[in-house]
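If you want the working numbering, it's the 1-based position in the sequence shown plus 408.
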Amino acid sequence: MKIATLADYQIMRNSASLSKIGERPFTIIFVEDSNYTQGDSVTPGIKITTKEMFEIDGNRINKFHTTRTAIVNRFKNDKLREDVNNRQIPLGPVKCISEKSASGKSFFNLIDA
């Protein structure tokens, strides 16, 4: 029996949690800030718009939000974000995978698909 997680239910306005597409490849065409606020705490986040549409819980969606640190940090690179957002370079296809750091800690990262 699968145990549900909060990510299983996260479709917010016009976006869904990036975890919903698993390791399926996608092409990033726009990136914007989308911080997550809970009470007085703010977690840095981003919203990614993909070229592809994905069927998520009966909805066709191409916008995904995430607070996954490695992915958010990657898009702190102003040149990368500017090139993607100005459609100079679509980024992808890429996919989001779980990796282990040198210290053995698991994290999610974007890699070329």
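Every residue, glycine too, gets a C-beta built ideally from N, C-alpha and C. Values in this document were obtained by computation on a predicted structure and should not be read as measured data.
{"Item": "Judging by CA-CA distance, which residue of Ile469, Val450 and Pro452 is the nearest neighbour of Lys459?", "Value": "Ile469"}
{"Item": "Use the C-beta contact count for Gly447: other C-beta atoms within 10 angstroms, 16 or more gives buried, fewer gives exposed.", "Value": "exposed"}
{"Item": "Can you tell which of Leu499, Asn494, Ala424 and Pro498 has the C-alpha that lies nearest to the C-alpha of Asn467?", "Value": "Ala424"}
{"Item": "Skipping 5 residues on each side, what residues in its chain have a beta carbon closer than 6 Å to that of Asp491?", "Value": "Ile497"}
{"Item": "Do you know offhand how far Arg432's Cα is from Lys484's?", "Value": "23 Å"}
{"Item": "Out of curiosity, what's the CA-to-CA distance linking Asp441 and Ile411?", "Value": "30 Å"}
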